[in-house]
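Numbering (this note's numbering), first residue to last: 79 to 327.
Structure, rendered in structure tokens:
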């Protein structure tokens, strides 16, 4: 990124600094990005845990021997969001340099034309909307969703006090670890911590990636509108292929 960082950016830089997107996509130590290496290691560990739970579906263990439709839907939902989590992690790690360059493009100084500078107020108006949208997404993801996921099994276990020999205690996603019911209940804190870590990692990457993409969309939209206004404020349908104003002809 360029050194002149005093220019206003169209994305919520303060939020992304708190979420450490700068470290993930840009900074390097001894020629390598230690944050990307850390994320790769974290993905490998969580991937092994998730693969272990998939093995639990192939063996008979406690109440999953007669798994119901609701539990299957819950597991399907988990594996779906975990697949999206892996896809977004790979994108952040493999395309980190491209995302770093996009952060520089979102700055106000990208509009260097005098005509574009006349409409810079649109840039700041759209920037305010982007900041509001990203803060709302982060608050919903981190506090509303994650807190409910993590608190729900504790509330259920506190109200139902099931017999440890016959029923399995509830968890965040109730992943089918291949262990006996009594052993699962005896080491419930360990299994709950494993699902808690996976849930926090999934929520963090999902919110970080989605908020960043939404911010870029806001910037691209306002950049297009500013360029359109600075070149004559022509309606978009006048620039369709084959029209008199089609610049590609």
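Glycine included, C-beta positions come from ideal geometry on N, C-alpha and C.
- Straight across, the Cα-Cα distance linking residue 225 with residue 302 is about 39 Å.
- At the C-beta level, residue 89 and residue 208 come within 8 Å of one another.
- Residue environment analysis places residue 273 among the buried positions, since at least 16 neighbouring C-beta atoms fall within 10 angstroms of its C-beta.
- Residue 205 sits in a helix when the DSSP states are folded into three classes.
- The count of Cβ pairs closer than 8 Å, one atom from the region 282-293 and one from the region 154-166, reaches three, so the stretches are in contact.
- Its Cα nearest to that of residue 309, the residue 196 stands out among 231, 295, 196 and 213.
- Under the DSSP assignment, residue 181 falls in the alpha helix (DSSP H) whose first and last residues are 174-183.
- Residue environment: residue 125 is assigned as exposed (fewer than 16 neighbouring CB atoms within 10 Å of its CB, all protein chains considered).
- Non-local C-beta neighbours of residue 269 in its own chain, meaning closer than 7 Å and more than five positions away in sequence, comprise 249, 255 and 262, ordered along the chain.
- Annotation for residue 259: the continuous alpha helix (DSSP H) segment containing it runs 259-264.
- Per the C-alpha coordinates, the member of 175, 253 and 307 positioned closest to residue 276 is 253.
- Per the C-alpha coordinates, the member of 148, 149, 183 and 231 positioned closest to residue 300 is 183.
- Excluding its 5 nearest sequence neighbours in each direction, residue 219 has C-beta neighbours in its own chain below 6 Å: 281 and 285, listed in chain order.
- Under DSSP, residue 87 forms a beta bridge with 185.
- Counting the other Cβ atoms within 10 Å of the Cβ of residue 221 gives fewer than 16, which makes it exposed.
- The C-alpha of residue 246 lies about 16 Å from the C-alpha of residue 150.
- Taking C-alpha positions only, residue 181 is separated from residue 198 by approximately 18 Å.
- Within the same chain, and ignoring the five residues on either side of residue 216 in sequence, the residues whose Cβ sits closer than 7 Å to its Cβ are 93, 285 and 289.
- The alpha-carbon of residue 133 is positioned some 13 Å away from that of residue 157.
- Under the criterion of beta carbons closer than 8 Å, residue 167 and residue 121 qualify as touching, at roughly 6 Å.
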